[in-house]
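S.K.:
There are 2 protein chains.
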Amino acid sequence: MLSDDEVAHIHHEAKRLLQQYGMKVLLPEAREIYRAGGALVDGDMVRIPTEVVDDALALAPPEVHVGAPDPAKAITFGGRHVNFLPVGGPPFVSDLDNGRRPGTLEDYENFVRLFQGIDVLHANTPFIEAQDIPVDIRHLATMRSQLTLTDKPAFLFTRGRQRVFDMFEMLRIRHGLAEDEFIDTPIVWANINTNSPRQLDIPMALGIIDFARAGQVCSMTPFTLAGAMAPVSLAGALLLQHAEAVAAITLAQLTRAGAPVIYGGFTSNVDLRSGSPAFGTPEAIKGAVVSGQLARLIGVPWRSSGSSASTIEDAQGAWETMFNLQGAIRGGANLILHSAGWQEGGLVASFEKLILDTEILQTIVESWQPVDMSEAELAFDAIAGVEPGGHFFGEAHTLERFETAFYEPLVATRASFEQWVEEGELDARHRANAVWKQRLADYEQPPIDEAIATELDDFVNRRIAEGGAAPD
Amino acid sequence: MLSDDEVAHIHHEAKRLLQQYGMKVLLPEAREIYRAGGALVDGDMVRIPTEVVDDALALAPPEVHVGAPDPAKAITFGGRHVNFLPVGGPPFVSDLDNGRRPGTLEDYENFVRLFQGIDVLHANTPFIEAQDIPVDIRHLATMRSQLTLTDKPAFLFTRGRQRVFDMFEMLRIRHGLAEDEFIDTPIVWANINTNSPRQLDIPMALGIIDFARAGQVCSMTPFTLAGAMAPVSLAGALLLQHAEAVAAITLAQLTRAGAPVIYGGFTSNVDLRSGSPAFGTPEAIKGAVVSGQLARLIGVPWRSSGSSASTIEDAQGAWETMFNLQGAIRGGANLILHSAGWQEGGLVASFEKLILDTEILQTIVESWQPVDMSEAELAFDAIAGVEPGGHFFGEAHTLERFETAFYEPLVATRASFEQWVEEGELDARHRANAVWKQRLADYEQPPIDEAIATELDDFVNRRIAEGGAAPD
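Chains as they are written, first to last, in our numbering: chain A, 1 to 472; chain B, 1001 to 1472.
(1) Just tell me which of B/1138, B/1142, B/1367, B/1415 has its CA closest to the CA of residue 1111 of chain B.
(2) Might you give, ordered along the chain, the residues of its own chain that have their beta carbon closer than 8 Å to the beta carbon of residue 1044 of chain B, omitting 5 neighbours on each side?
(3) Could you please give the first and the last residue of the uninterrupted alpha helix (DSSP H) stretch that includes residue 108 of chain A?
(4) Mind pulling the alpha helix (DSSP H) runs of 4 or more residues that sit fully within the region 1297–1360 of chain B?
(5) Taking only three categories from DSSP, how would you classify residue 1189 of chain B?
(6) Using a C-beta to C-beta distance shorter than 8 Å, which residues of chain B count as neighbours of residue 313 of chain A?
(7) In angstroms with no decimal places, state the Cα-to-Cα distance between residue 1377 of chain B and residue 1368 of chain B.
(8) Starting from the beta carbon of residue 473 of chain A, find every residue of chain B whose beta carbon is closer than 9 Å, and list them in chain order.
(9) Under the rule that 16 or more other beta-carbon atoms within 10 Å means buried, what is residue 3 of chain A, buried or exposed?
(10) Between the beta-carbon of residue 339 of chain A and the beta-carbon of residue 85 of chain A, is there less than 8 Å?
(11) What are the residues of the region 1237–1249 of chain B that lie near chain A, defined by any Cβ-Cβ distance shorter than 7 Å?
(12) Please list the partners that residue 1197 of chain B has in chain A, where partner means a Cβ-to-Cβ separation under 9 Å.
(13) Along chain A, in chain order, which residues have C-beta atoms closer than 9 Å to that of residue 1193 of chain B?
(14) Between the Cα of residue 364 of chain A and the Cα atoms of B/1050, B/1248, B/1322, which residue gives the shortest distance?
(15) According to DSSP, simplified to helix, strand and coil, what is residue 1379 of chain B?
(16) Kindly give me the distance between the Cβ atoms of residue 1115 of chain B and residue 1148 of chain B, rounded to whole angstroms, as I take these residues to be in contact under 8 Å.
(17) Note down, in chain order, every chain A residue with its Cβ under 8 Å from the Cβ of residue 1407 of chain B.
(18) Under a CB-based cut-off of 8 Å, is residue 28 of chain A close to chain B?
(19) I need the DSSP call for residue 1065 of chain B, collapsed to helix, strand or coil.
(20) Examine chain A for any beta-carbon lying closer than 8 Å to the beta-carbon of residue 1324 of chain B, and answer yes or no.
(21) Check whether chain A comes within 8 Å of residue 1354 of chain B, counting only Cβ atoms and requiring the distance to be less than that.
(22) Residue 1358 of chain B versus chain A: which residues are under 8 Å apart at the beta carbon?
(23) Can you give the Cα-Cα distance for residue 216 of chain A and residue 1282 of chain B, rounded to whole angstroms?
(24) Hey, how far is the Cα of residue 1234 of chain B from the Cα of residue 166 of chain A?
(25) Excluding the 5 residues flanking residue 1366 of chain B on each side, which residues of the same chain have their C-beta closer than 7 Å to its C-beta?
(26) Within 8 Å (strictly less), CB to CB, does residue 231 of chain A reach chain B?
(27) Is the region 1220–1236 of chain B touching the region 1263–1282 of chain B in the sense that three or more CB pairs, one from each, lie closer than 8 Å?
(28) Quick one: is residue 1001 of chain B near chain A, going by C-beta distance under 8 Å?
(29) Tell me the start and end of each unbroken beta strand (DSSP E) in the region 14–38 of chain A that is at least 3 residues and wholly inside, in chain order.
(30) Which residues, in order along the region 1068–1090 of chain B, keep a beta-carbon less than 7 Å from a beta-carbon of chain A?
(31) Hey, could you find the ends of the beta strand (DSSP E) residue 1095 of chain B is sitting in?
(32) Using the three-state DSSP reduction, which class does residue 1209 of chain B fall into: helix, strand or coil?
(33) Per DSSP, what kind of secondary structure is residue 1196 of chain B in: helix, strand or coil?
(34) I need the DSSP call for residue 454 of chain A, collapsed to helix, strand or coil.
(35) Enumerate in chain order the residues of its own chain whose CB-to-CB distance from residue 1456 of chain B is below 8 Å, with the five nearest sequence positions on each side excluded.
(36) Hey, how far is the Cα of residue 1014 of chain B from the Cα of residue 1200 of chain B?
Written out as structure tokens, the structure reads:
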């Protein structure tokens, strides 16, 4: 999308912005780390000299591993690794049976259960807000669900130091690690959003610092929406994104050299009519491709997103998510958040869309498998053996391969029109409804050591009894 | 997708298939052309020596131009040119007002009118079957509609020699060409389907011959559905596709050296459950990418497809068309047929899907525009001028660009949930319904010289009075 010179120019201008104008950093502890590392601190403002940024970026590892309760499900961010992650964060959930409503812990757990059974989804996310659980103990409840209902890599929200430490302790227990083993055994990732433009708030700065000290994995993701929190021009929005991501990565490296970090790109644009965030736009596609170039320039793994603004699981929802995925994949993203189930610009996690998008992801991954070019697959003799104008239905070559020859769809149908009418004229959305309910019924909880489960419960119950943890 | 060696191996094996086993060719005139060119004819079977194929392929031009009544709308197939063409051929049409029904001339003309107003669609196709018009005069009626309702490059069906000559004459009249000028002024394209496996029927062979003699453009497209008319293995289906396309291109070149041809790839797979054609599958994506490699190996332009098997304009419909488009684009296709409006595996042309797919195509094309990297767009000063944590809504930099900064959607909405409910909870399909009706109401017929229009009418009326033309 851009030439090497153009990519280098954005990087140069981002560093000039950080050196001349800097970031507003609301946490005194973070300002002190910046200052000790060579930045100029003036009130809340932190100006970072170019050489400080350069030195910090050189410390960031190019590849980051994240362990999982099931070691076979550990993942790697960086290089040519692509990890699809489901929807994360919406306050509302939606399904055809119960409509659009505030999310609950039950919804959260059902998302985790469905996620556990979908192999093409690789790591946990915040899924949805369990709004029926009081905020001071919500992190305890949701982390317990994550650590018992799935054995894939964990996610946590950095919404205050004590909450983070609570969840670190739960992760340590689940993985059977000694206290000193948890540090530098990356088993959880977090997403850090800068408060664009050019501001880092207290819980996010605390998250960067605590994750860096623990050797856990932070994705630094400015939400640079062109025309709102970022310039209306795509180049400008990317410049701001880059400056903020680099500033956050610098804080992590100044906290602890070699801290595992991910460069986050979430640049999209506002809708011209409604002022709402738009996704799956040409601008989002281009922004993702350029973000990948910027991440590779500084040599860190990078995160992008599949996303949709549609209010319903319709054609628009499908193409928006696919276009965002396409931009991310063309851009070589290593972590693609919101790949499945994200709707209404992030306000809704949809059970049906989780299934529909899973079909999209499975198709993408299957399309990456090489073509088998063996002589048997090339089928010269089988072709020669079928008379011109005939067909291959009953041929031995066909029958031997028929059951496994093609990707088998999860929710797509190729029924005839007549059969489709007979089956109730169900569109993809309605068929997806049946799929997730069946999958939920078939869910199997992964094994967990009984002593560990008890220790987790004891910890959670004790911390709940203590009142949980307030935000910082 | 494949290494150069693997691509060369398919080509080698295809030539071996044509030399050892050959094609069944139902038209004596075609067999005679093959024979005169060096092929071995035995009854209906034509075996083509490798050197005959090699010499013929060397004659096929790498780039093909097709003129249009509006010269500004002429197109090129080959190189890095991408042309999106709408749905072509379904017997049924569908819209939300009148449902799924046999196509009529009125439907055909409405598709042509909508097509004329969609800049991202580049050339005519058969659109739909005008089943209310008797078959012997249908070609006269539909070609008149094409030549008067749109000024983009024309298409015709090669369904018999007299019909083709009728339409050649109409094209000559519309373009104001003398009889000898029509030859070698390419202004119409046709699609040739081999009767897979390894058979070329009479109307298709006639089409190849008549188009080659007239210097008009033929796309040679085997319909190699893996597991039905082709081996169930993707490599085998591609081998058969390649052999048949190469045999058809060879016939064109033996008819007239340098005849403008296009390599057609339409390999997909049957559905394992229903036995119906499936589209937008991983196999179709991979097949398209390999088809592009094969076409480039032999140095001719190539044709692929966007297609969907969905019975309705839902998420499945969107992702299937997008996946097929993606395969075609990744494969470097020059002509992408069925890019918009194709539904139910080719049985239905949908008015709503025409609009939905147009949004997809517009987004793709817009995403190919370069990022403006001027200093003004990079917006360093605008970023420096907005306080941290603020926003860019009222900034001069934003206001100066806001109206033209982003692609404006045709049918996508980013309305809030509340607003969307207030507006009637319309999904993309229902919004598309309003869009095509508005566009039809706003349609403007392109200018046509009055004498030419009269000459066209006179010709059509005379040929209808003569009873039209029967198939060969």
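Ideal placement from N, C-alpha and C gives every residue a C-beta, glycine not left out. Being a predicted model, the structure only gives us computed values, none of them experimental.
M.R.: In brief:
(1) B/1142
(2) 1024, 1025, 1026, 1031
(3) 105–116
(4) 1315–1330
(5) strand
(6) 1315
(7) 18 Å
(8) In the structure as shown, chain A begins at 1 and stops at 472. Residue 473 of chain A is therefore absent and cannot be evaluated.
(9) exposed
(10) Yes, the pair counts as a contact, with Cβ atoms nearer than the cut-off.
(11) 1239, 1240
(12) 383, 386, 387, 388, 389, 390, 391, 392, listed in chain order.
(13) Result: empty, since nearest Cβ-Cβ is about 13 Å, beyond 9 Å.
(14) B/1322
(15) Correct three-state label for residue 1379 of chain B: coil.
(16) Contact flag wrong, Cβ pair sits at about 13 Å.
(17) Those are 281, 282, 283, listed as they occur along chain A.
(18) no
(19) When secondary structure is reduced to three states using DSSP, residue 1065 of chain B falls in the strand class.
(20) no
(21) no
(22) Ordered by position in chain A, no residue passes the 8 Å Cβ test against residue 1358 of chain B, which lies about 11 Å from the chain.
(23) 36 Å
(24) 52 Å
(25) Exclusion of the five residues before and after residue 1366 of chain B leaves 1407 as the residues of its chain whose Cβ lies within less than 7 Å of its Cβ.
(26) yes
(27) yes
(28) Output row for residue 1001 of chain B: interface = yes.
(29) Correct list: 23–25.
(30) none
(31) Residues 1092–1095.
(32) helix
(33) In the three-state reduction of the DSSP assignment, residue 1196 of chain B falls in the coil class, being assigned neither a helical nor a strand state.
(34) helix
(35) Excluding sequence neighbours, residue 1456 of chain B sits near 1144, 1147, 1148, 1170, 1173, 1174.
(36) 16 Å
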